[in-house]
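K.L.:
Counting in the working numbering, the sequence shown runs from 3 upward without gaps.
Here a beta-carbon is modelled for each residue, glycine too, at the ideal position from N, C-alpha and C.
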Amino acid sequence: MQAPKGRKQTPHLQILAGPCAARMLATCLALSFAWIACARQKSPDTPQTVSSTLLPATMNSDDPAPKPSINSSRAMQYVRDVVAFGPRPIGSPNHKKLETYITSHLKGVPVEDDAFIAETPEGKFPVRNIVAEFPGTRDGIIVIAGHYDTNYPLRNTGYVGANDGGSSTAILLELANQLRGKKRDGYSVWLLWTDGEEAVKQWSATDSLYGTRHLAEKWQKDGTLKKIKAFLLTDMIGDADLNIEQDMNSTPWLENVVLQAATRLGYQSHFFGRSIPVEDDHLPFVHMGVPSADLIDLDYGYNNVFHHTPQDTLDKLSPQSLEIVGRVLMETVRLLDKM
Ligand SMILES: [Zn+2]
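1) Classify residue 236 as helix, strand or coil using the three-state DSSP reduction.
2) Scan the segment 78–158 and note each continuous beta strand (DSSP E) run of 3 residues or more that stays entirely inside, going in chain order.
3) Counting C-beta neighbours from all protein chains within 10 Å, is the total for residue 216 16 or more, i.e. buried, or is it exposed?
4) Classify residue 328 as helix, strand or coil using the three-state DSSP reduction.
5) Where do the ends of the beta strand (DSSP E) carrying residue 221 lie?
6) Would you mind sorting residue 190 into buried or exposed? The rule is 16 or more other CB atoms within 10 Å of its CB.
7) Compute the minimum distance between the beta carbon of residue 153 and the heavy atoms of ligand 1, and state whether it is under 6 Å.
8) From residue 295 to residue 333, what distance separates their C-alpha atoms?
9) Starting from the Cα of residue 226, find the closest Cα among 152, 297, 261 and 141 and give me that residue.
10) Would you say the beta carbon of residue 200 comes nearer than 6 Å to a heavy atom of ligand 1?
11) Can you tell me whether residue 114 is buried or exposed, with buried defined as 16 or more other CB within 10 angstroms of its CB?
12) Using a threshold of 7 Å, state whether the C-beta atoms of residue 131 and residue 237 are closer than that.
13) Can you give the Cα-Cα distance for residue 126 and residue 118, rounded to whole angstroms?
14) Can you tell which of 180, 65 and 192 has the C-alpha that lies nearest to the C-alpha of residue 232?
15) State the start and end residues of the unbroken beta strand (DSSP E) segment that holds residue 276.
16) Count the other C-beta atoms from every protein chain shown that fall within 10 angstroms of the C-beta of residue 102, then say buried if there are 16 or more, exposed otherwise.
17) Can you find a heavy atom of ligand 1 that lies under 6 Å from the Cβ of residue 166?
18) Roughly how many angstroms separate the alpha carbons of residue 173 and residue 248, rounded to a whole number?
19) Over what stretch of residues does the alpha helix (DSSP H) that includes residue 196 continue unbroken?
20) Tell me which same chain residues have a C-beta within less than 6 Å of the C-beta of residue 301, skipping the five on either side of it?
21) Taking Cβ positions, are residue 95 and residue 157 nearer each other than 7 Å?
22) Identify whether residue 166 lies in helix, strand or coil by the three-state DSSP scheme.
23) Taking residue 254 as the reference, which of 98, 309, 277 and 184 has the closest Cα?
24) Confirm, please, whether the CB-CB distance from residue 280 to residue 298 is below 7 Å.
25) Are residue 92 and residue 169 close, meaning C-beta to C-beta below 7 Å?
26) How many Å lie between residue 110 and residue 134 at the Cα?
27) So, helix, strand or coil for residue 333, using DSSP?
28) Along the chain, where does the beta strand (DSSP E) containing residue 248 start, and where does it finish?
29) Closest by CA to residue 137, which one among 340, 314 and 112?
30) If contacts are defined as beta-carbon pairs under 8 Å, then residue 171 and residue 104 qualify, I think. What distance do you get, rounded to the angstrom?
31) Can residue 77 and residue 324 be called in contact, C-beta distance under 7 Å?
32) Run through the DSSP bridge pairs and tell me what residue 323 is partnered with.
33) Consult DSSP for residue 230 and reduce its assignment to one of helix, strand or coil.
34) Excluding the five sequence neighbours on either side, which residues of its own chain have a C-beta within less than 6 Å of the C-beta of residue 152, listed in chain order?
Structure (structure tokens):
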């Protein structure tokens with residue numbers, strides 16, 4: 003976390019100043035006066051309550067469409083497989099094994115790589131975003147993304163990132179199973195495993211989001227960006243006690259669609275209990291005007307205590323949480339297809 007300008011960091015904030023995937027700005031709640039200073043994006047003067055900003059106004063409770071399903075035990079098995087590789091920071095042999103694992107589950111699907119060398123404070127590293135493309139009948143693309151690299155500074159601590167890195171990798175693999183071989187009557191859906199999300203030293207605008215910063219620029223240059231109707235990001239979505247944040251850096255109308263999807267599936271109690279600004283892989287796209295929503299739970303253990311610690315392990319996760327987020331993503335895509 004970047005210290006608010008002109009304000010001395012408290013020890014509490016100092017602890018949080020370490021590398022942070024999705025920046026844990028929620029702790030600012032403990033220092034309510036610091037709220038605005040902690041919001042790195044343009045944000046409202048006061049924290050917004052969900053009830054005043056996000057109402058599922060267009061919800062049609064009579065919608066007869068079948069509700070989506072996913073195989074939650076298979077999704078959980080993916081997390082176990084991924085965690086079994088061990089720490090998976092950029093540039094590591096385990097990372098390479100995971101790349102192969104992901105692509106081996108995408109046989110028969112058009113896959114594109116965005117591979118490049120990133121300059122970081124710890125030197126040069128290969129970074130590889132992986133994109134699986136499921137074409138639709140409608141002009142436009144919905145991207146569903148999540149990072150697969152794990153925290154670099156913790157690489158020698160036994161840190162396996164079951165939730166932070168593992169859960170997002172796994173849910174995308176399960177979504178690929180659901181999309182594979184089916185005709186899409188709607189927008190194209192691209193599944194994006196992002197890389198280099200984590201800072202290598204200390205989170206900053208230049209030490210973080212290596213993969214998505216590169217990809218957003220590439221897609222802006224080649225014209226892909228303007229075809230993207232929605233960028234849906236998942237991160238840390240496996241916590242058995244699932245509380246998806248209402249992210250103040252995300253696009254309000256798209257957050258609203260996510261809430262509609264969650265409500266239709268009866269999952270609204272897991273969504274948007276609090277509003278906080280989150281820095282995550284959606285930011286490069288937000289900055290380029292792409293409607294984006296980050297589905298993230300930054301309340302991982304009491305006061306987010308497991309985040310970026312060797313305690314981020316499988317036993318904290320639940321297949322049910324993967325199922326909730328997977329189904330909400332699919333329902334969100336269905337709602338977007340109709341808009
Ligand atoms: Zn992280």
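P.N.:
In terms of the structure at hand:
1) Your numbering for residue 236 matches position 234 in the sequence shown. Correct three-state label for residue 236: strand.
2) Along the segment 78–158, the beta strand (DSSP E) occurs as fully enclosed runs of 3 or more residues at 113–122, 125–136 and 138–149, listed in sequence order.
3) In the sequence shown, counting from the first residue as 1, residue 216 sits at position 214. Burial call: buried.
4) The residue given as residue 328 occupies position 326 in the sequence shown. Residue 328 falls in the helix class under three-state DSSP.
5) Reading the sequence shown from its first residue, position 219 is the one you call residue 221. That residue, residue 221, is in no beta strand (DSSP E); its alpha helix (DSSP H) goes 212–223.
6) As a position in the sequence shown, residue 190 is number 188, starting the count at 1. Buried, by the Cβ-count rule.
7) Residue mapping note: residue 153 aligns to position 151 of the sequence shown, counting from 1. Within the cutoff, so yes.
8) Counted from its first residue, the sequence shown places residue 295 at position 293. Counted from its first residue, the sequence shown places residue 333 at position 331. Their Cα atoms are separated by approximately 14 Å.
9) For this step, residue 226 is matched to residue 224 along the sequence shown. Out of 152, 297, 261 and 141, the CA that lies nearest to the CA of residue 226 is found in 141.
10) By one-based count along the sequence shown, residue 200 stands at place 198. Residue 200: yes, Cβ under 6 Å from ligand 1.
11) One-based indexing of the sequence shown puts residue 114 at position 112. By the 10 Å Cβ count, residue 114 comes out exposed.
12) Against the sequence shown, residue 131 aligns to sequence position 129. Against the sequence shown, residue 237 aligns to sequence position 235. For the pair residue 131 and residue 237, the CB atoms are not nearer than the 7 Å cut-off.
13) Counted from its first residue, the sequence shown places residue 126 at position 124. Counted from its first residue, the sequence shown places residue 118 at position 116. For residue 126 and residue 118, the gap between their C-alpha atoms comes out near 10 Å.
14) Within the sequence shown, residue 232 is the residue found at index 230, counting from 1. Ranking 180, 65 and 192 by Cα distance to residue 232 puts 192 first.
15) For the purposes of this step, residue 276 is taken as residue 274 along the sequence shown, with counting starting at 1. First-last of the beta strand (DSSP E) with residue 276: 273–278.
16) Indexing the sequence shown from 1 puts residue 102 at position 100. Exposed is the call here.
17) Translated into the one-based positions of the sequence shown, residue 166 becomes position 164. The answer is yes for residue 166.
18) As a first step, residue 173 is located in the sequence shown; it is residue number 171 there, counting from the start. As a first step, residue 248 is located in the sequence shown; it is residue number 246 there, counting from the start. Roughly 20 Å between the two C-alpha positions.
19) Indexing the sequence shown from 1 puts residue 196 at position 194. No alpha helix (DSSP H) contains residue 196, which is instead part of the beta strand (DSSP E) from 186–196.
20) As a position in the sequence shown, residue 301 is number 299, starting the count at 1. Annotation for residue 301: 245 place their beta carbon closer than 6 Å to its own, counting only its chain and skipping 5 residues before and after.
21) The count along the sequence shown starts at 1 and reaches residue 95 at position 93. The count along the sequence shown starts at 1 and reaches residue 157 at position 155. Here residue 95 is not near residue 157, since their CB atoms are 7 Å or more apart.
22) The count along the sequence shown starts at 1 and reaches residue 166 at position 164. Helix, per DSSP.
23) Looking up residue 254 in the sequence shown gives position 252. If you compare the alpha carbons of 98, 309, 277 and 184 with that of residue 254, the shortest gap goes to 277.
24) On the sequence shown, position 296 is the one that residue 298 refers to. On the sequence shown, position 278 is the one that residue 280 refers to. In contact: residue 298 and residue 280 (Cβ atoms closer than 7 Å).
25) As a first step, residue 92 is located in the sequence shown; it is residue number 90 there, counting from the start. As a first step, residue 169 is located in the sequence shown; it is residue number 167 there, counting from the start. Cβ distance not < 7 Å, so residue 92 and residue 169 don't count as in contact.
26) Translated into the one-based positions of the sequence shown, residue 110 becomes position 108. Translated into the one-based positions of the sequence shown, residue 134 becomes position 132. Their backbone Cα atoms lie some 10 Å apart in a straight line.
27) If you number the sequence shown from 1, residue 333 lands on position 331. Here residue 333 sits in helix by DSSP.
28) Position 246 of the sequence shown, counted from the first residue, corresponds to residue 248. Run containing residue 248: 246–249, per the beta strand (DSSP E) assignment.
29) Locating residue 137 in the sequence shown gives position 135, where the first residue counts as 1. For the residues 340, 314 and 112, the minimum Cα distance to residue 137 belongs to 112.
30) Taking the sequence shown and counting its residues from 1, the one referred to as residue 171 is at position 169. Taking the sequence shown and counting its residues from 1, the one referred to as residue 104 is at position 102. With a beta-carbon spacing of about 7 Å, residue 171 and residue 104 fall inside the 8 Å limit used to define contacts.
31) Against the sequence shown, residue 77 aligns to sequence position 75. Against the sequence shown, residue 324 aligns to sequence position 322. The answer is yes: Cβ separation under 7 Å.
32) Here the question's residue 323 lines up with position 321 in the sequence shown. According to DSSP, residue pairing for residue 323 in a beta bridge does not occur.
33) The sequence position of residue 230 within the sequence shown is 228, counting from 1. Residue 230 falls in the strand class under three-state DSSP.
34) Reading the sequence shown from its first residue, position 150 is the one you call residue 152. For residue 152, where only same-chain residues beyond five positions count, the Cβ hits under 6 Å are 89, 90, 91, 163 and 167.
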